[in-house]
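Participant: Numbering (full-length UniProt numbering), first residue to last: 1 to 137.
Got a structure for you, questions after.
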């Protein structure tokens, strides 16, 4: 399973939003047999960014979610009490509750997490990717 952090999800679908996924990461995702997923909390983050005007998408919300999930072949993982509990038990490396939920989700599903967030990359028991992909130089 490959879990895209919120910014990775938007860059995966819209490279023009930059900073883009590196060519090795993009190629690894494209060639992977792993299921591509996002956390439902990313939908909240995107909604907030669009409302604030810091993110402009090519389609209006909520229509963009249909395109960015079903049409793109990406599964949206729901929240559950176990993930929420795990997110508050994480080390205090990252303070953002949404990011902590994404971290807990990646750990729970033992998923690769595609993120450029350096604080997220510091967490133990977490497989993260941004600049390079496993087995790629």
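Cβ atoms here follow ideal geometry from the backbone N, Cα and C, with glycine treated the same way.
No experiment lies behind these values; they were computed from the predicted model shown.
(1) Taking the Cβ atom as the reference point for each residue, do residue 126 and residue 103 lie within a distance shorter than 8 Å?
(2) To the nearest angstrom, report how far apart residue 38 and residue 74 are at their CA atoms.
(3) Alpha carbon to alpha carbon, how far is residue 100 from residue 13?
(4) Report the CB separation of residue 25 from residue 114 in whole angstroms; it is logged as a contact under 8 Å.
(5) Decide if residue 141 is buried, meaning its Cβ has at least 16 other Cβ atoms within 10 Å, or exposed.
(6) Going by DSSP, which residues form a beta bridge with residue 76?
(7) Per DSSP, residue 3 forms a beta bridge with which residues?
Facilitator: Here's the rundown:
(1) A contact, by the Cβ cut-off of 8 Å.
(2) Those two C-alpha atoms are separated by around 7 Å.
(3) Near 23 Å, if we compare the C-alpha coordinates of residue 13 and residue 100.
(4) Contact between residue 25 and residue 114 holds: their C-beta atoms lie close to 6 Å from each other, under 8 Å.
(5) Residue 141 falls outside the range modelled here, since the chain spans only 1 to 137, and no answer is possible.
(6) For residue 76, which the question treats as bridged, DSSP gives the partners 38.
(7) Beta bridge pairing from DSSP links residue 3 with 37, 113.
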